[in-house]
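Notes follow the structure.
In the working numbering, the protein residues as written are 158 to 592.
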């Protein structure tokens, strides 16, 4: 992705970056001293009222977050960000990623609907379209799912930040407030932090960068929450990120750390645990502060503390069929990227243990000299988490016992379990007007 963004920048294809919306009176100091000022300068002149009666008295449902909730989010952001007269850019997730519904393909970092989108259906709001800060209301209304794969709370360094800094969690909430008129019984599912933890772990050995990034991340989570609450949102389900000793991405570090002679692995494993604990503690401090101003507005699904509980629930579910759950190993054992520029197709096998955006950067450079100026170019990129099953039915049957689709993203069976948990928190919030 880094090379892709650099190529687009070099050929003047990048649209102007939209500046953050902050009123003249909202200085960083004033917002820290009085958080009730945060978000008051967001322009709501183009917001639409698309509320509708849902179950349990809810009037609307929105999602902000990352790849755990992304459905067509990264594809939509790339398309709107780089829309121009020279290149039509399309990104699709396939293989073990994505699913088909009503003859339509949906790109997701799982083999089925994510927990948030399942919750939308359970609440009676149906399917959710993606939206982002750059979306415009045209033939249809704005979408309500602002989550984007790879999104963080903190800002990222360039060139990755050229794309994803339009999807930081505070930007997502600004977009939500600017595009939708808020009602008292609207609900937001808010999840972020996994990619922030990946970045923090990536700064191993660079304490100054860790401190800078963590502060920015926590500050933006705080801003995002007050953006919502100060503009009328009264119901939020907040999900903390999972522990990083759990997903396969870092499993080898913790396995190596068990060997007495491997001191470096032990050092890194301890670092991962400690940096995650520190981040979690700071996020909890933010939630405690928010509670002082907006009591009973947030239901906390503390996945960070309840990861073991979710693992047990999944094992129990799989055991109902007489099978054994596969936790320590991801379903996909490979990753491929197919690039099609003006009907010239090339397929690359990439490292499944490397971040998806980094893998794209490893192959896209092959095409930078092939863009035809003065003509409309079509660049289609298909990213697939791969295994030796060709049909979706065979794939889903094979994945049923797996907790993880790839080195970090859960399968649809896990998302279903989480959606039930989230529904319970939604019902708790609805008691405020039922009692």
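The C-beta atom is built at its ideal place from N, Cα and C for all residues, glycine as well.
Of all the options 458, 543, 323, 329, which has the alpha carbon lying nearest to the alpha carbon of residue 300?
-> Along the chain shown, read from residue 1 onward, the residue named residue 300 stands at position 143. Taking only the C-alpha atoms, the option nearest residue 300 is 329.
So does the region 475–492 actually touch the region 555–565, counting three or more Cβ pairs closer than 8 Å?
-> yes
Own chain residues within Cβ distance below 6 Å of residue 274, not counting five before or after | The residue given as residue 274 occupies position 117 in the chain shown. Excluding residues within five positions, the ones whose Cβ falls inside 6 Å are 228, 285.
First and last residue of the uninterrupted alpha helix (DSSP H) at residue 211 = For the purposes of this step, residue 211 is identified with residue 54 of the chain shown, where counting begins at 1. Element bounds for residue 211: n/a, residue is neither H nor E.
Could you tell me whether the region 388–402 touches the region 425–437, using the rule of 3 or more Cβ pairs below 8 Å?
-> yes
Use the C-beta contact count for residue 427: other C-beta atoms within 10 angstroms, 16 or more gives buried, fewer gives exposed.
-> Start at 1 with the first residue of the chain shown, and residue 427 comes out as number 270. When all chains shown are included, residue 427 counts as exposed.
Measuring alpha carbon to alpha carbon, tell me which of 483, 589, 534 ends up nearest residue 555.
-> As a first step, residue 555 is located in the chain shown; it is residue number 398 there, counting from the start. Comparing Cα-Cα distances from residue 555 to each of 483, 589, 534, the minimum goes to 483.
Verify whether the separation of the beta carbon atoms of residue 571 and residue 471 is less than 7 Å.
-> Counting from one through the chain shown, the residue named residue 571 turns up at place 414. Counting from one through the chain shown, the residue named residue 471 turns up at place 314. Yes; because the gap between Cβ atoms is below 7 Å, this pair is in contact.
Which runs of the alpha helix (DSSP H) fall wholly inside the region 449–480 and span at least 4 residues, in chain order?
-> 460–476
N-terminal and C-terminal residue of the alpha helix (DSSP H) that residue 586 is part of | Taking the chain shown and counting its residues from 1, the one referred to as residue 586 is at position 429. Looking at the DSSP string, the run of the alpha helix (DSSP H) that includes residue 586 is 569–591.
Find the nearest neighbour of residue 624 within the set 404, 318, 439, judged by alpha-carbon distance.
-> The question about residue 624 has no answer here: the residues shown for the chain are numbered 158 through 592.
List the endpoints of the continuous alpha helix (DSSP H) containing residue 371.
-> Residue 371 sits at position 214 when you count from the first residue of the chain shown. Note, residue 371: alpha helix (DSSP H), 364–386.
Counterpart residues of residue 537 in DSSP-defined beta bridges | Counting from 1 along the chain shown, the entry for residue 537 is found at position 380. Answer is 247, 497, bridged to residue 537.
Could you give the C-beta distance for residue 391 and residue 335, rounded to a whole number, given that I count them as a contact under 8 Å?
-> As a first step, residue 391 must be located in the chain shown, where it is residue number 234. As a first step, residue 335 must be located in the chain shown, where it is residue number 178. Not really, about 19 Å apart at Cβ, beyond 8 Å.
So, is residue 535 buried or exposed, given that buried needs 16 or more other C-beta atoms within 10 angstroms?
-> Taking the first residue of the chain shown as position 1, residue 535 is located at position 378. The residue in question, residue 535, is exposed, as its Cβ has fewer than 16 Cβ neighbours within 10 Å.
Taking residue 264 as the reference, give the member of 446, 429, 291, 234 with the closest Cα.
-> In the chain shown, counting from the first residue as 1, residue 264 sits at position 107. Comparing Cα positions, the closest option is 234.
With DSSP run on the structure shown, which of helix, strand or coil describes residue 447?
-> Reading the chain shown from its first residue, position 290 is the one you call residue 447. Of the three classes helix, strand and coil, the one that applies to residue 447 here is helix, per DSSP.
Counting pairs of Cβ atoms below 8 Å between the region 361–369 and the region 573–582, do you hit three or more?
-> no
Compare the beta carbon distance of residue 214 and residue 342 with 7 Å and say whether it is the shorter of the two.
-> Here the question's residue 214 lines up with position 57 in the chain shown. Here the question's residue 342 lines up with position 185 in the chain shown. Yes, these two residues count as a Cβ contact at 7 Å.
Do the region 404–417 and the region 458–477 touch if we need at least three Cβ pairs shorter than 8 Å?
-> no
Going by alpha carbons, who is nearest to residue 353 out of 318, 319, 309?
-> Position 196 of the chain shown holds residue 353. Closest by alpha carbon: 309.
Below 8 Å CB to CB, which residues in the same chain sit around residue 205 once its five sequence neighbours on both sides are set aside?
-> Reading the chain shown from its first residue, position 48 is the one you call residue 205. Around residue 205: 294, 298, 299, 336, 337, 338.
Buried versus exposed, by CB contacts within 10 Å (16 or more), residue 587 = For the purposes of this step, residue 587 is identified with residue 430 of the chain shown, where counting begins at 1. Per the 10 Å Cβ criterion, buried.
Spatial neighbours of residue 344 in its chain, beta-carbon cut-off 8 Å, leaving aside the 5 residues before and after | Position 187 of the chain shown holds residue 344. The answer, listed in chain order, is 215, 217, 218, 219, 280, 392, 393, 394, 583, 586.
Which one of 238, 402, 573 has the shortest CA to CA distance from residue 290?
-> Stepping through the chain shown from its first residue, residue 290 is reached at position 133. When only C-alpha atoms are compared, the closest one is 238.
Counted within 10 angstroms of its Cβ, other Cβ atoms place residue 539 as buried (16 or more) or exposed = For the purposes of this step, residue 539 is taken as residue 382 along the chain shown, with counting starting at 1. When all chains shown are included, residue 539 counts as buried.
Among all the DSSP beta bridges, which residues are the ones paired with residue 337?
-> The residue given as residue 337 occupies position 180 in the chain shown. Beta-bridge pairing links residue 337 to 205.
Give the range of the beta strand (DSSP E) segment to which residue 409 is assigned.
-> Position 252 of the chain shown holds residue 409. Where residue 409 is concerned, there is no enclosing beta strand (DSSP E), although the alpha helix (DSSP H) it sits in stretches over 408–413.
Residue 452 CB to nearest chain D CB: under 7 Å?
-> Note that chain D does not occur in the displayed structure, where there is just one protein chain.
Straight-line gap, residue 171 to residue 543 (C-alpha atoms, nearest Å) | By 1-based counting over the chain shown, the position of residue 171 is 14. By 1-based counting over the chain shown, the position of residue 543 is 386. Any reading at residue 171 needs caution, since the residue's pLDDT is 35, under 50, leaving its predicted position unreliable; the model's value is listed next. Computed Cα separation, rounded: 31 Å.
Environment of residue 253 [buried if 16+ CB atoms lie within 10 Å] = The residue given as residue 253 occupies position 96 in the chain shown. By the 10 Å Cβ count, residue 253 comes out buried.
From residue 549 to residue 261, what distance separates their C-alpha atoms?
-> Here residue 549 refers to the residue found at position 392 when the chain shown is read from its first residue. Here residue 261 refers to the residue found at position 104 when the chain shown is read from its first residue. Going by the C-alpha atoms only, they are around 13 Å apart.
Closest by C-alpha distance to residue 479, when choosing among 251, 558, 469, 405 = The residue given as residue 479 occupies position 322 in the chain shown. Checking every option, the nearest Cα to that of residue 479 belongs to 558.
State the CB to CB distance for the pair residue 348 and residue 222, rounded to an integer number of angstroms; the pair is presumed to be in contact (CB under 8 Å).
-> Sequence index remark: in the chain shown, residue 348 carries index 191 (1-based). Sequence index remark: in the chain shown, residue 222 carries index 65 (1-based). The pair is a contact, with the Cβ atoms about 4 Å apart (cut-off 8 Å).
Just confirm the distance between the C-beta atoms of residue 552 and residue 340, as a whole number of angstroms; I'd bet it's less than 8 Å.
-> Reading the chain shown from its first residue, position 395 is the one you call residue 552. Reading the chain shown from its first residue, position 183 is the one you call residue 340. With 8 Å as the limit, residue 552 and residue 340 do not qualify as a contact, their Cβ atoms being about 40 Å apart.
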